[in-house]
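Q:
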Amino acid sequence: MPFARTATRRSVLAAAGISAALVLSGCVAGEGSGGAPSATAAAGGGTLNIDFATYNPLSLIIKNKGWLEASLKDQGVTVNWIQSAGSNKANEALRSGAVDVGSTAGSAALLARANGSPIKTIDIYSQPEWSALVAKPSSGIATVADLKGRSVAATKGTDPYFFLLQSLAEAGVSVKDVTVQNLQHADGRTALENGAVDAWAGLDPIMASAEKNGATLFYRNVSFNSYGFLNANESFLKDKPQLAQAVVNAYEKARAWAAANPDETAQILADVAGLDVAIAKTVILERSNFDVDPAPGEAQRKVLAKIGPTFVETGDVSSQDKIDTALETLLDDSLVKRADASAIKDS
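Written out as C-alpha cells, the structure reads:
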C-alpha cells in the first residue's frame, strides 16, 4: 500500500508542528539538560565531503538552501557535495573515503557494515515506499510468480535489489529461477523500456517517472522497503564530531522545512532530478514519510533483522555472525539526541 495523499498531508502537518517545536527548543524529545555541541563550534577547518541524492530529498533541501555552507564558513570549512546515484555508489564513496557522510537504504548500510565498512548510521532521514517491481503492460507479468524464467534489472547492494529478493522468497520463487541483470537504477529503467529485460526493481524518483510514462508497478509492499539511513565513517565521527553534529542538525532543520513546505520540496526534487513537478509531488506526497523518529534504534533494527538472513542465503554476507555483529554496532543515536536545528544558519 502507498502512503495515501491525505494521510501524508496529515503527517506533514504533524511533522511541521513537531519539528517547529524542535527548532524553537533547540533539542529533541528526551534530550538531557547537558547541552549539545554547537553546529558552529570550532570544526578545525578543512572540507566536509557529503553526498546528495534524488532518493534523499532532505539532502537536496540542505544543498539547495546552503545551510551547511553558511553555518561552517566562519570555521573555514568548505562543503563539497558529491551526488550518489544509488545506495551502492554511496557505500563505495564511504568505503573509499570520498565522502564523510552518505545516504543509503537501511538494507545497504547493513550489508556494508557486515562486510567490513566502518560506518555508523547517525540519522534516519525517511521511511519511504521507494521500491517496487515494475513491468510494461504488454509483458504479461502480473504477479511475482510470473518472473520465473524471466530477466529482471536490479542494482545489487540497494533496496530495490533486496526488495526483489524478499518478493521472490514470499512468492516461493528461487532467485536461481530469475536472471538478475545488475544495472544502475537509471540503466535498469532504460533496459525495461527497450525490452532488454522483462521487469525492473525500481527506485523513486526514476520509478515514478517510468510509471507516468506507462510502466506498471505490479508488486508493491511498503514493509519490504527499509528506512533511509544517513551514514558516516567512524574516523570522521571520531576526528570531527562537531562537523558530524552540524550535519545532523542540518538534517533536522530540513525535516522541519520539508514538513512545512511540501510543494517547494517537490519542486527542488523536480529541478535536481529533471522531473515534471507532478511526478515529484507523487514521490514527496505519496511515497515519502519524513514524519519518522530520526534517532536510529529498535524500529530499524527489527527491519534489518528480517533482511539479514537473506544476505547470508544469497552469499552477499558470509555468515550470520557478521550480520549480528553489524546489527549490534551500526546504529548510533547520539547525534540525533543532541540535535539543535536552530544552530543552523540560513544562507
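Per mature numbering (1 follows the signal peptide of the UniProt record, and there is no 0): the sequence shown = residues -29 to -1, 1 to 318. We treat Cβ as the ideally placed atom computed from N, Cα and C, and that holds for glycine. What you are looking at is a predicted structure, and each value in this text was computed from that prediction instead of being measured.
Exposed or buried, residue 247, counting other C-beta atoms within 10 Å across all chains shown (16 or more means buried)?
A: Label assigned to residue 247: exposed.
Q: Looking at the structure shown, is residue 246 part of a helix, part of a strand, or coil, going by DSSP?
A: Here residue 246 sits in coil by DSSP.
Q: Please report how far the alpha carbon of residue 266 lies from the alpha carbon of residue 256, in whole angstroms.
A: In a straight line, the C-alpha of residue 266 is about 22 Å away from that of residue 256.
Q: Decide yes or no for the touch test of the segment 204 to 214 against the segment 119 to 137: beta carbon pairs closer than 8 Å, at least 3 of them.
A: Cβ pair count under 8 Å is below three, so no.
Q: Taking a contact to mean a Cβ-Cβ separation below 9 Å, would you say residue 78 touches residue 58 in this structure?
A: Yes, they are a contact pair.
Q: If distances are taken between C-alpha atoms only, which option among 126, 277 and 305 comes closest to residue 298?
A: Ranking the options by Cα distance to residue 298, first place goes to 277.
Q: Restricting to Cα atoms, I'd like to know which of 74, 189, 68 and 142 is closest to residue 112.
A: If we check each option's Cα against that of residue 112, 189 comes out closest.
Q: For the alpha helix (DSSP H) containing residue 158, list its first residue and its last residue.
A: Taken as a continuous stretch (DSSP letters only), the alpha helix (DSSP H) holding residue 158 covers 156 to 164.
Q: Just the C-alpha distance for residue 48 and residue 236, rounded to the nearest angstrom, thanks.
A: Between residue 48 and residue 236, the C-alpha separation is close to 26 Å.
Q: Helix, strand or coil, according to DSSP, for residue 313 in the structure here?
A: Helix, per DSSP.
Q: Buried or exposed: residue 319, going by 16 or more other Cβ atoms within 10 Å of its Cβ?
A: Outside the shown range of the chain (-29 to 318) lies residue 319, about which nothing can therefore be said.
Q: Just to confirm, is the Cβ distance from residue 250 to residue 180 under 9 Å?
A: In this structure, residue 180 lies closer than 9 Å to residue 250 by Cβ.
Q: Excluding sequence positions up to five away, which residues of its chain have a Cβ less than 8 Å from the Cβ of residue 294?
A: Taken in chain order, the residues that qualify are 81, 85, 279, 280, 282, 283 and 288.
Q: Between 76, 40, 127 and 41, which has its C-alpha nearest residue 153's C-alpha?
A: For the residues 76, 40, 127 and 41, the minimum Cα distance to residue 153 belongs to 127.
Q: Confirm, please, whether the CB-CB distance from residue 71 to residue 214 is below 9 Å.
A: Yes, Cβ-Cβ distance for residue 214 and residue 71 is below 9 Å.
Q: When the Cα atoms are used, what is the spatial distance from residue 296 to residue 172?
A: Taking the straight line from one Cα to the other gives about 29 Å.
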